[in-house]
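Colleague: Attaching a single structure in structure tokens format; questions to follow.
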Amino acid sequence: MPDTRKEKTRARLRSAIVAEAVEKGLSGLTVGGVVARAKVSAGTVYVHFANKDDMLRQCYLELKRAFHEASTTGRDLPDTAAMIRSMWVHMFEWVAAHPLEFLFLEQASLANILTPEQAGEVRLYAEDIAALLRRGVEDGTLAPLDPDVLSLLLTAPAMQLARKAVAQGQAISTDDVDLIFNRVWRAIAA
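Each step along the sequence shown adds one to the number in the UniProt record's numbering, with nothing skipped, and position 98 is 98.
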């Protein structure tokens, strides 16, 4: 929870960036639209960001870090099946709490907006997840599939449920999350 005025403003800006991008697309997003939605002055935006590209990049990285941290909460569980289940539950808790942000992450990742250095940071997150999934393959918990395929099978339902939640204005049901996990687990378990 932001505790300073600057952090609260940054959070408002991030929310406005996400809402504008999801509603209008990255190319349709304008600094003016963000300013109006966040109810701040244009100068305030430039206290936080150098320009529109920097604004999108920083917003993406802040959200990607938060998503990765939430999704890997159970990484230290010794039982791989319990670890995967924990990762799934925590991922969906984050997606349920932040469906627009999750859609923004997907949209921005496809737009290739990051600098090479920033892309390297994001690649480390993907490698981290791949290593956790490889652990499951190596210990016989998961089917012998490429970690990228396993990751896709685990995250694609999150994207679909986030889209549905935003489009219909409804929360993501924990019953749906549990049912879908059980179905996905049947596909990825060894």
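Think of the CB as a built atom: it goes at the ideal place given N, C-alpha and C, for glycine as much as any other residue.
#1: Is L29 helix, strand or coil by DSSP?
#2: Can G147 and A171 be called in contact, C-beta distance under 8 Å?
#3: I'd like to know whether the C-beta atoms of I180 and P144 end up nearer to each other than 8 Å.
#4: Find out if the Cβ-Cβ distance for the pair T115, R57 is shorter than 8 Å.
#5: Would you call the CB atoms of V18 and L110 closer than 8 Å?
#6: Nearest to K6 by alpha carbon, out of L132, A97 and V40?
#7: State the start and end residues of the unbroken alpha helix (DSSP H) segment that holds F92.
#8: Compare the C-alpha of R10 against each of E62, S27 and T30 and name the closest.
#9: Any idea what DSSP makes of A143, helix, strand or coil?
#10: Going straight from the alpha carbon of R123 to that of E20, what length do you get?
#11: With DSSP run on the structure shown, which of helix, strand or coil describes A171?
#12: If you drop the 5 nearest sequence neighbours on each side, which residues of the same chain put their C-beta closer than 6 Å to that of D53?
Modeller: By the coordinates alone:
#1: coil
#2: Looking at the sequence itself, residue 147 is Pro, so the reference to Gly does not match. Cβ atoms of P147 and A171: not closer than 8 Å.
#3: no
#4: yes
#5: no
#6: V40
#7: T80 to A97
#8: E62
#9: coil
#10: 26 Å
#11: coil
#12: none
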